[in-house]
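A short worksheet on the structure shown next.
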Amino acid sequence: MELFGIFIAAAVINNFVLIQFLGICPFVGVSGKLSSAVSMGMAVTFVMTMASMVTFLIQHYILIPAGIGFLQTVAFILVIASLVQFVEMVIKKVSTGLYRALGIFLPLITTNCAIMGLCLFAVMKDYSFIQTLIFAIGAGAGFTLALVLMAGIREELELADVPETLQGAGITMIVAGILALGFMGFAGMKF
Amino acid sequence: MAKKQVSIGNEFVKGLWDQNPVLRALLGLCPVLAVTTSAVNGLGMGLATTFVLVCASLIISLARKLIPAQVRIASFIVVIATFVTIVDLTMKAKFPALSKSLGAFIPLIVVNCLILGRQEAFASKNNPFRSLVDALGMGAGFAATLTVLGGIRELLGNRTVFGVQILPDVWEPWIVMILPAGAFLTLGLMLGAANLISRRRERIAVRMARAAALNERTV
Amino acid sequence: MATESSKTSVLGGVDEGHLDLVTSPHSHFGWSTGRIMWTVSAALVPCVATAVWFFGFGVLATIAGAILGAAGTEWLVGRLNRRAETIPDGSAILTGLLLGLVVPPGFSPFMAFIGGVVAVGIGKIAFGGLGDNIFNPALVGRAFLQASFPAQMTDWSHATSRVDAISQATPLGLYKFGDPSQFAGDIATQKLLLGEVGGCIGATSSTAILIGAAILLITRIAHWQIMASMILGGLVFGGIFHVSGIGPSPLFHVLAGGFLFGAVFMATDYVTSPNTPVGMWIYGGGIALLTILIRLFGGLPEGVMYAILLMNATVPLINRHTRPALFGAK
Amino acid sequence: MKITLHMLATLIVVGMLSGGGLSLVNDWAEPFIEENQRRVRDEAIGFLVPGGAPEQAVDQDGLTAWRVRGEDGTLKGWVVRYAGTGFQDTIDLMVALDPDRQEIRGLKVLDDSETPGLGTWIRLSPDHQAALAGASDRYLEDAVGDAKNFPLQFFAYDEGEHLSAEGDLKVVKGKPREQLGPTEVQSITAATISSVAVVDIVNEAVLKLDTILAEQGGA
Chain F
1413 MELFGIFIAA
1423 AVINNFVLIQ
1433 FLGICPFVGV
1443 SGKLSSAVSM
1453 GMAVTFVMTM
1463 ASMVTFLIQH
1473 YILIPAGIGF
1483 LQTVAFILVI
1493 ASLVQFVEMV
1503 IKKVSTGLYR
1513 ALGIFLPLIT
1523 TNCAIMGLCL
1533 FAVMKDYSFI
1543 QTLIFAIGAG
1553 AGFTLALVLM
1563 AGIREELELA
1573 DVPETLQGAG
1583 ITMIVAGILA
1593 LGFMGFAGMK
1603 F
Chain X
536 MAKKQVSIGN
546 EFVKGLWDQN
556 PVLRALLGLC
566 PVLAVTTSAV
576 NGLGMGLATT
586 FVLVCASLII
596 SLARKLIPAQ
606 VRIASFIVVI
616 ATFVTIVDLT
626 MKAKFPALSK
636 SLGAFIPLIV
646 VNCLILGRQE
656 AFASKNNPFR
666 SLVDALGMGA
676 GFAATLTVLG
686 GIRELLGNRT
696 VFGVQILPDV
706 WEPWIVMILP
716 AGAFLTLGLM
726 LGAANLISRR
736 RERIAVRMAR
746 AAALNERTV
Chain E
1331 MATESSKTSV
1341 LGGVDEGHLD
1351 LVTSPHSHFG
1361 WSTGRIMWTV
1371 SAALVPCVAT
1381 AVWFFGFGVL
1391 ATIAGAILGA
1401 AGTEWLVGRL
1411 NRRAETIPDG
1421 SAILTGLLLG
1431 LVVPPGFSPF
1441 MAFIGGVVAV
1451 GIGKIAFGGL
1461 GDNIFNPALV
1471 GRAFLQASFP
1481 AQMTDWSHAT
1491 SRVDAISQAT
1501 PLGLYKFGDP
1511 SQFAGDIATQ
1521 KLLLGEVGGC
1531 IGATSSTAIL
1541 IGAAILLITR
1551 IAHWQIMASM
1561 ILGGLVFGGI
1571 FHVSGIGPSP
1581 LFHVLAGGFL
1591 FGAVFMATDY
1601 VTSPNTPVGM
1611 WIYGGGIALL
1621 TILIRLFGGL
1631 PEGVMYAILL
1641 MNATVPLINR
1651 HTRPALFGAK
Chain C
36 MKITLHMLAT
46 LIVVGMLSGG
56 GLSLVNDWAE
66 PFIEENQRRV
76 RDEAIGFLVP
86 GGAPEQAVDQ
96 DGLTAWRVRG
106 EDGTLKGWVV
116 RYAGTGFQDT
126 IDLMVALDPD
136 RQEIRGLKVL
146 DDSETPGLGT
156 WIRLSPDHQA
166 ALAGASDRYL
176 EDAVGDAKNF
186 PLQFFAYDEG
196 EHLSAEGDLK
206 VVKGKPREQL
216 GPTEVQSITA
226 ATISSVAVVD
236 IVNEAVLKLD
246 TILAEQGGA
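Protein chains in written order, with the working numbering: chain F, 1413 to 1603; chain X, 536 to 754; chain E, 1331 to 1660; chain C, 36 to 254.
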């Protein structure tokens, strides 16, 4: 039940994109088309899960025992960057279909603050390994949810007569604002 | 180098409007939205980011000929992360209140695509002086945008700007402005306004050019 | 300039062009937008009447503030962009009226005005005007007010009330934070049917709302599937939780708060709801489920507004997946 | 081969410079950071139970408690620090108790992410602090009915009006001050959840301290 709470909190209550403002760049950049939104969401969820596990181990078995907590930022960003490259290589070898679906999004993920933010938050909240894992999956699901909703809306808006000055990023921000208002309904949710 | 060089002044000014990282290039939006609940927070975040950007640009353009292309990104990231950590530790030590209200978004400067983007696009290809000016311009544009956004949100949401009360007590604060939804809506409208202004400017520029051409002909 | 004037003519034809494109099921009745909007407004008259009866004439000031904000914004933007007059189609006035009916009695007319401006300005015009908006404009305005002025939006004490009980907390508020026994059994149902309870201006009297529902269904302006799926969903999901020992009776869920008002007047807005029958069932059921989850497990006593806004966001996806495949398409 | 060596060397040099530089900065910053944390903590304790020196009595299961003794060694009170779930995120707070741990003498929220302008009324504002420091007595008298003065209810403003630390506190709505019982706390208007969260954390902290002290006493 506690793990379910962590999942729901990460996915909707404190939605990474709409409430915590993490991963806004891909949110604006990749939400134009539904198909790419789904792929991006999957790629981010996958990397988040991997990165959260690796950074958990680094934090608790290297940085803390060695007393070099101040190297956290440097260590985490290096781990995430090399992890993304590694995942890209593995996927390329294992499955061309998967690579075609996710491949082009992987390099974009290195500077996706959602990944880095997730790893930092998991450490700040002092989560255990399992909790960190669930937190990562929940955050990834929330990211995907926001991205897919936004992509559906933006495809619909292609037919709309949106004022020229607001087209693109402007209307995306306004839709995100209204979505954030809607997500406020989940505030304080407890099971 | 046969390429025509842009003047140093323009190298600085372009970051303020034409290539404004937030309003025109949509870079580094996460901190833009997250920490701009007040003008002070916006300015603090803007200055911290500028510091990292300037230092990283300077170091990287100095070392640009020593770093092999293959490990370029990795080296950039380490340099950036180092300066981010310096900012983080300094703020924790000397400005604990600001550090607390900016929270995790200080370490997250490391993934601000603006910084890595400038290294990739500018500092690794230009001399230190030019890179410094470019970084200062971009940083100033970033900080100014954050301060304005923070100021608008603080004014409507809390009646104050930089902690000084501006609106009278009868004004009921719009709490939504300091909530996530207010951040998105305000930035959305700001982007719209920026588009409007730059289109006006373009139109005026076109008209001026046409007038000038006409003038020449009549003379 | 040339492009702008051509746009004017498209809009001057009051959006039927858009409606035909987006929501083909509506094309079978040839009513103009104006006639639809005014009929919906007429269907709201019973709600306004009971509101005045229970809460006094003061509510009219609040409603007027909201209408002024909504219609004023529509008029001003139309003027600035030199577009054709869109006030007579009644949609902005209807948005204002709906917004005015879903705030507490005694709510400041000036704040209602702000809500109206946001509803039309951000909820509708930013998306390109009527027919292009993704979210229900009145609810965008209300969500903005709820987030901006949470204390005033949950203050039920300013009603100049005919009956004492209604200037207190809402039934849902009592259920969540107060003494649930005050709203149990047949008396509660009777009060809820009449509207003799605390709550938003136009949303307390179930009977008045149902009269409005009858008007909308007889004139075939609203789709019965959306109302039916939402109410049925409320009964079923509320019932499942009730049977497992969580929450009040399913009837209470449907009659209390803004559930019925939302089902009849907000969810059925034809621009922001799905356009296939299957989609409508998914949409209505989704709203009901989200509402009940927020009411039972969320921090707030009421969740209809959030549920409708969130399901509005899923409408493009629902339409996409329930649209019958085109002949010749894969 | 040469390129590989060059790459490796670059990375090692960059890494070493970064690590070395950061450890220098860290050595400089760490005392300040610790000092800041200690100051925040000591100021809070000193504010809640004035005129004494804290000694740590318990540090177990996320709960920290201090005995505060006066100069002559008499026990002046207890301060308990505990955190729990709030509306958005964790609320970290300190509760002050009388020496016998039967009454609640104060409350200070150290960290929270509640809704600005609403749930944030759980915090002590500068006005509250001034009032409690004796700067304005009238304010204190008039204050308690107002939702914006939620935390003041936890302080003793008159003998015999302290909240009880025996038995769970309960949040009530819309009761006049005279009718409030010794375990009843008036909720913040429109922020019932934040109010309930604070009261729950206080209840749990008091109960947990009792349990831990009983175990220690028994062992």
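We treat Cβ as the ideally placed atom computed from N, Cα and C, and that holds for glycine.
Check, Outcome
"Could one say the Cβ of E/G1445 lies closer than 9 Å to chain C's Cβ atoms, at least one of them?", "no"
"Any idea what DSSP makes of X/Q605, helix, strand or coil?", "helix"
"Looking at the structure shown, is E/Y1600 part of a helix, part of a strand, or coil, going by DSSP?", "coil"
"For a contact defined as C-beta to C-beta under 9 Å, what are the partners of F/F1419 on chain X?", "Here the premise fails: no neighbours, minimum Cβ distance about 20 Å."
"Across which residues does DSSP place C/P89 in a beta bridge pair?", "C/V103"
"Assuming E/F1457 and F/L1593 make a contact with CB atoms under 8 Å, what is their CB distance in whole Å?", "At roughly 15 Å, the Cβ-Cβ gap does not stay under 8 Å, so E/F1457 and F/L1593 are not in contact."
"Taking the straight line between their C-alpha atoms, what separation do you get for E/V1344 and E/P1376?", "Low local confidence applies: a pLDDT of 41 at E/V1344 is under 50, so the model's placement there is unreliable, with the coordinate-based value given in what follows. Roughly 28 Å between the two C-alpha positions."
"In chain order, what are the residue ranges of uninterrupted beta strand (DSSP E) at least 3 long that sit wholly in the stretch 1471-1502 of chain F?", "none"
"Taking E/K1454 as part of the beta strand (DSSP E), name the residues at either end of that continuous run.", "That residue, E/K1454, is in no beta strand (DSSP E); it is neither H nor E in DSSP."
"Between which two residues does the alpha helix (DSSP H) harbouring X/T585 extend?", "574-597"
"Let me know the secondary structure DSSP gives X/Q700 once reduced to three states.", "strand"
"Could you give the DSSP three-state label for E/M1331: helix, strand or coil?", "Its pLDDT being 34, under 50, E/M1331 is placed unreliably in this model, and the coordinates cannot settle the point."
"Using the Cβ count rule (16 or more neighbours within 10 Å means buried), how would you classify X/V645?", "buried"
"What would DSSP say about C/T109, mapped onto helix, strand or coil?", "coil"
"Please report how far the alpha carbon of C/V151 lies from the alpha carbon of X/L684, in whole angstroms.", "The sequence given here places Pro at residue 151 of chain C; Val does not occur at that position. Roughly 17 Å separates the two Cα atoms."
"Taking its Cβ as the centre, do 16 or more other Cβ atoms sit within 10 Å of X/R653, making it buried, or is it exposed?", "buried"
"Chain C partners of X/L624, CB-CB under 7 Å?", "V60, N61, A64"
"Relative to chain C, which residues along the stretch 1523-1555 of chain F have a C-beta separation below 9 Å, given in chain order?", "K1537"
"How would you label E/M1610, buried or exposed, when you count the other beta carbons within 10 angstroms and need 16 or more for buried?", "buried"
"Using beta carbons (cut-off 9 Å, strictly below), is X/L726 in contact with chain E?", "no"
"Roughly how many angstroms separate the alpha carbons of E/V1584 and E/A1518, rounded to a whole number?", "12 Å"
"Check each residue of the stretch 574-599 of chain X: if its Cβ is closer than 7 Å to any Cβ of chain C, include it; give the result in chain order.", "none"
"Does any residue of chain C have a CB that is nearer than 9 Å to the CB of E/P1434?", "no"
"Can you tell me which of the three DSSP states X/T753 falls into?", "helix"
"In chain X, what lies closer than 7 Å to F/G1589 by C-beta?", "A716, F719, L720, G723"
"F/Y1539 by DSSP, collapsed to three states: which one?", "coil"
"In the DSSP output, which residue or residues are listed as bridge partners for C/M129?", "C/R116, C/K143"
"Note down the Cα distance separating C/F262 from E/F1591, rounded to an integer number of angstroms.", "Residue 262 of chain C cannot be examined here, being either before or after the span of chain C that is shown, 36 to 254."
"If contacts are defined as beta-carbon pairs under 8 Å, then X/L690 and X/L702 qualify, I think. What distance do you get, rounded to the angstrom?", "7 Å"
"If you run the structure through DSSP and keep just helix, strand and coil, what is C/V207?", "strand"
"For the alpha helix (DSSP H) that X/E689 lies in, which residues bound it at each end?", "663-693"
"To the nearest angstrom, report how far apart X/G581 and C/S222 are at their CA atoms.", "38 Å"
"Is it buried or exposed for F/S1464, if we count other Cβ within 10 angstroms and need 16 for buried?", "buried"
"Please report the residue range of the alpha helix (DSSP H) in which C/Q164 lies.", "161-167"
"Cα-Cα, which of C/D245, C/R76, C/V241, C/T246 is closest to C/R140?", "C/V241"
"Which whole-angstrom value describes the C-beta separation of F/E1500 and F/L1518, a residue pair presumed to lie in contact below a C-beta threshold of 8 Å?", "5 Å"
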